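A.B. asks:
In this note's numbering, the protein residues as written are 46 to 144.
Encoded structure:
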């Protein structure tokens with residue numbers, strides 16, 4: 046595996062851990078984190094964004110980190126990276142231009 050991919054995996058798992066800490070310390074709620082991540086995903090994948098040049102696969106690649114953090118946020122306990130990636134793959138939506 047590419048070393049950059051491993052670094053991104055580590056970074057995502059660290060952000061997920063920080064998000065859990067924020068929830069556990071009652072600084073933010075899961076719902077607040079979900080709302081922020083949903084807005085970030087919508088900004089990246091929304092039909093109103095100038096992303097016509099991106100294929101659906103490229104859109105999914107750009108949105109993957111946010112989707113993974115949303116999947117991690119939906120769980121009470123920490124999950125393994127592989128479990129989170131499977132969740133992202135099962136739950137991702139389709140774009141209007143996908144047939």
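The beta carbon of each residue, even a glycine, is placed where N, CA and C say it ideally should be. Note that the coordinates shown come from a computational prediction; the quantities given were computed from them, not determined experimentally.
Which of helix, strand or coil does DSSP assign to residue 144?
C.D. replies: For residue 144, the predicted model reports a pLDDT of 41, less than 50, meaning its position is unreliable; a value from the coordinates is still stated below. In the structure shown, residue 144 sits in coil (DSSP, three-state: anything other than H, G, I, E or B).
A.B. asks: Skipping 5 residues on each side, what residues in its chain have a beta carbon closer than 6 Å to that of residue 89?
C.D. replies: Same-chain partners within the cutoff: 107, 108.
A.B. asks: Might you give, ordered along the chain, the residues of its own chain that have their beta carbon closer than 7 Å to the beta carbon of residue 18, omitting 5 neighbours on each side?
C.D. replies: For residue 18 there is no data in the structure shown, the boundaries of the chain being 46 and 144.
A.B. asks: Going along the chain, which residues of its own chain have a beta-carbon closer than 6 Å to the beta-carbon of residue 129, five neighbours each way excluded?
C.D. replies: 113, 116, 117, listed in sequence order.
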